[in-house]
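When the letters of the sequence shown are read in order and numbered with the working numbering, they come out as residues 2 to 254. Ideal Cβ placement from N, Cα and C applies to all residues, glycine included. One structure is given below, encoded as structure tokens.
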Amino acid sequence: MSDVILETDGLSRTFGALVAVDGVTLSFRRGQVHAIIGPNGAGKTTLINLLSGELPPSAGTIKLRGRDITRAKADEVSLLGVGRSFQKTNIFQSFTCFENCWLGAQSRLPTSMRFFRPASVYREVEARARRAIELCGLTHRCDTPAGAMSYGEQRQLEIGMMLATEPELLLLDEPLAGMGSEEAVQVVELLKRLAADHTLILIEHDMDAVFAVADLLTVMVNGRVLETGTVEQIRASKAVREAYLGDEEGGGH
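Following this line, the structure appears as structure tokens:
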């Protein structure tokens with residue numbers, strides 16, 4: 002079995018005259034944390050939207066485990082074992098932590114079983130939800146309404162909802178956005194735990210966090226891949242420092 006779980010070839014996306022993603026060819030390997038970094042407007046989120054099926058590409062191909070998913074919709078990609086989080090929380094504020102994860106778990110059921118299902122299926126959905134809550138470190142918040150949780154906990158819960166679908170590949174779009182330092186530390190530890198059993202593709206502006214968890218980094222500028230390498234290689238790259246990391250040392254995006 003190939004260790005490449007996801008790959009793109011010449012992937013592009015245009016919006017009128019704007020080229021948001023321009024001929025991106027990348028391979029993502031099983032068991033790695035692969036971070037996508039770059040300045041605002043580099044095309045990072047658009048790339049994640051293409052990989053998750055949220056947007057169709059204008060050109061190029063996407064393959065998941067060797068299967069062409071270029072034209073697959075987001076729900077189809079999810080059923081193939083790809084989870085995706087967003088820059089902003091996407092949870093049900095009035096539902097408890099458990100209820101949110103339960104909804105995530107049941108979304109993997111065939112449509113015909115979502116309204117009529119045997120008790121054994123219900124038990125499996127519940128077990129998936131509870132496993133996800135434990136993995137994301139929110140067992141003590143199981144019965145707490147999401148709206149009563151801190152912002153950092155809500156971000157963890159969103160990851161928990163994704164984990165309840167039992168994905169193999171996680172697409173994470175700025176999971177640390179808007180967090181204080183203590184909350185960020187907790188989520189970094191969560192990402193490290195997830196990396197033991199999942200493949201992660203991560204967009205994040207917090208470079209300390211990226212360097213702490215990533216195996217490989219791809220730097221994007223103006224919709225194109227500037228460079229891909231290890232943390233050490235990216236740190237040492239003059240082109241990357243000039244295009245991006247020099248600005249990050251000042252704390253900017």
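- Residue range 225-230 is occupied by the beta strand (DSSP E) that includes residue 228.
- Counting only runs of 3 or more residues that sit fully inside the stretch 139-195, the beta strand (DSSP E) segments are 170-174, in chain order.
- Note on geometry: alpha-carbon atoms of residue 231 and residue 28 lie some 14 Å from one another.
- Between residue 86 and residue 160, the C-beta gap is smaller than 8 Å, which places the two residues in contact.
- Taking the Cα of residue 52 as reference, the smallest distance to any Cα among 22, 39, 144 and 208 is reached at 22.
- One thing to note: residue 210 has its Cβ within 8 Å of the Cβ of residue 189.
- Residue 166 and residue 84 have their alpha carbons spaced roughly 7 Å apart.
- The beta-bridge partner set that DSSP reports for residue 14 consists of 22.
- Taking a cut-off of 8 Å for Cβ pairs, the stretch 99-106 and the stretch 124-133 touch, as three or more such pairs fall below it.
- Secondary structure remark: continuous beta strand (DSSP E) runs of at least 3 residues inside the stretch 13-92, in chain order: 19-30, 34-38, 60-65 and 83-85.
- Contact between the stretch 210-230 and the stretch 54-68 is absent, with fewer than three C-beta pairs closer than 8 Å.
- Distance from the CA atom of residue 92 to the CA atom of residue 39, rounded to whole angstroms, is 27 Å.
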